[in-house]
Each structure stands twice: as C-alpha cells, then as structure tokens.
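For reference, the structure discussed in these notes is given below.
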Amino acid sequence: GTLRVASNPKLSSLLLPGLRAVGDSLEIQENPALLRVETPGLETVDSAFVVSGNPVLRAVAASRLERVGRFVEIYPNTALSDLDLPALRFVGGALTVEGNDALSELRLPSLEEVGGGLNVDSNAALEAMGVPALRTVGGFFDAEANPRLGAVDLPSLRDVRGDFEVRENPLLRSVDAARLREIGGPLWFQDNPALSDLLLPGLESIGGGLELRRNPGLGNVDVRALRSLGGELRIAEDGARLPVQRWLPDG
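This is the structure:
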C-alpha cells in the first residue's frame with residue numbers, strides 16, 4: 008500500500024533502513040521540521056515517489072532506488088541541497104524537479120527512461136543538470152526558469168515524444184543532445200539570453216514547429232540532419248549569424 012509521512016510538526020529525521028519495496032506510493036509531505044530522509048534499502052516504488060512541501064528538508068537519499076512505476080515529484084522543498092538517486096533507471100510517468108531553491112546539482116547518472124514528461128523548473132540555485140544515460144522521454148522535456156543553469160547535456164537522448172522546451176534560463180550557454188533523432192511536438196527555445204550553442208546534429212524529425220525567440224547570443228544552431236518539420240519555423244530577436252536555414256528541409 009501507500010506509505011505516507013505528512014504534517015508531523017516535530018519530525019526532524021526519517022530513516023527507513025529496512026524498507027525494500029513500496030506496493031503503491033511513498034509520499035513525504037509538509038513536515039515543517041524534517042531535515043533528512045534516508046531509505047538506503049529501497050529498490051522499487053510501484054506507483055509514485057513524492058517529496059513535497061518540506062521547507063527545511065536538506066537531503067533525500069535513496070541510493071538503491073531503481074524503478075518508480077508512475078511518477079516522481081520533488082517540489083517545492085526550498086532548503087533541499089542534496090538529492091541522491093544514483094541508481095534510478097526508470098520512471099513510468101512524469102519526473103518533476105521544481106521549486107527547490109537550494110539545489111545546485113541535479114545528478115541522475117543511471118536514468119534511462121522517463122515514460123511521461125521531464126520537468127526541471129524554477130530551481131533557483133541549479134547550475135548543473137546531469138542525465139548522461141537518458142535515452143527516452145515519453146512526454147515533454149521542459150527546462151524552464153532556472154536562473155543559474157549553465158548547460159544542458161543529454162548525450163544519450165534519442166527520443167522525446169512530446170514538446171522540447173527550454174525557456175527563461177538567463178545563464179544557459181549551451182544545449183547538447185547530439186544523438187537526439189526525433190521530437191514528437193514542437194521545439195521551443197525562448198528567453199535564454201546567454202545561449203550561444205544549440206547542438207542537435209542528429210535530429211531528423213520535429214512533429215511541430217521550430218521556434219527560436221529572444222536568444223540574442225545564439226550564434227550556432229546545428230540541426231544538419233533535419234528532414235521533417237511539422238509546423239512553422241519562427242526565428243525572432245536572435246543572433247545574426249544563425250545558420251539554421253541551410254539545414255531545414257525544403258518547404
């Protein structure tokens with residue numbers, strides 16, 4: 008069943024060393040004094056893994072967690088600085104990391120597949136995002152309003168079945184997804200003033216439009232393999248040296 012730890016005003020530490028599996032959801036919510044969560048033996052959660060609304064929570068460690076059947080939500084935990092999920096390989100639904108103002112790094116080194124959307128949004132201190140093994144996103148990919156994020160590197164990503172959106176990241180310099188072949192929806196890059204390099208050299212198909220708007224530093228767009236564009240091309244208020252047109256399919 009569901010394991011829910013919620014609204015405990017004096018709880019400061021949650022340690023569950025014997026927990027191996029949760030048959031439904033694991034929910035840790037709105038515990039005002041909670042500082043740390045550790046589940047060192049946890050390997051699977053059949054439904055949802057939710058950590059939300061814990062204002063002084065600093066660390067979440069689930070070092071053996073490999074699979075979450077539905078969704079993962081980490082939001083908003085404003086003091087969270089350490090999110091340790093090194094073994095996580097599969098999320099059946101959406102993965103959301105949002106509003107964690109102290110989180111400077113998002114490292115998911117084993118993550119291969121997200122069945123729903125991947126949303127990294129409004130994390131005030133986030134500087135680095137590392138998902139080197141990620142191959143498939145079954146919904147949208149959204150990196151938005153992360154004011155210190157410098158780079159998005161997705162070296163293994165091949166397929167995003169929804170929209171691909173990168174917006175309002177003022178220090179973002181580069182996005183590199185060299186193996187990405189297909190985007191099911193539109194590709195949007197908007198209001199990333201420091202962005203200079205958009206490197207998608209393997210991208211063959213975009214199901215929607217391609218929109219580059221208000222990225223004034225953007226001088227290098229590599230979509231050399233693009234053969235199919237399902238919507239409109241819109242480029243507005245971007246750098247003057249964009250070579251994107253020469254890679255676009257006819258018509």
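When we follow the working numbering, the leftmost residue of the sequence shown carries the number 8, and every step to the right adds one. Glycine included, every Cβ here is placed at the ideal spot set by N, Cα and C. Note that the structure is predicted; figures quoted are calculated from it, not measured.
- Considering only Arg-168, Ala-135, Gly-99 and Asn-199, the residue with the shortest C-alpha distance to Ala-109 is Ala-135.
- Inter-residue distance for Leu-115 and Val-58 is about 16 Å (C-alpha atoms, whole angstroms).
- The continuous beta strand (DSSP E) containing Val-12 extends over residues 10 to 13.
- Around the CB of Thr-103, 16 or more other CB atoms lie within 10 Å, so the residue is classed as buried.
- Judged by DSSP in its simplified three-state form, Val-44 adopts strand.
- Comparing C-alpha distances from Leu-179 to each of Leu-164, Gly-192 and Val-159 shows the shortest one belongs to Val-159.
- By a beta-carbon distance limit of 8 Å, Leu-164 does not contact Leu-133. Their separation comes to about 19 Å.
- Cβ-Cβ separation between Ala-232 and Pro-208: approximately 6 Å, consistent with a contact (criterion under 8 Å).
- Straight across, the Cα-Cα distance linking Val-182 with Gly-30 is about 38 Å.
- In this chain, Ser-163 is not harboured by any beta strand (DSSP E), its DSSP state being neither H nor E.
- From the listed residues Glu-172, Ile-190 and Pro-154, the smallest Cα separation to Arg-142 is found for Ile-190.
- Here Val-79 is bridged, per DSSP, to Phe-56 and Leu-102.
- Here Ala-101 is not near Asp-128, since their CB atoms are 9 Å or more apart.
- Contact between Asp-91 and Ala-69 is confirmed by a C-beta separation of about 7 Å, below the 8 Å threshold.
- Its Cα nearest to that of Gly-237, the residue Glu-218 stands out among Pro-162, Gly-224 and Glu-218.
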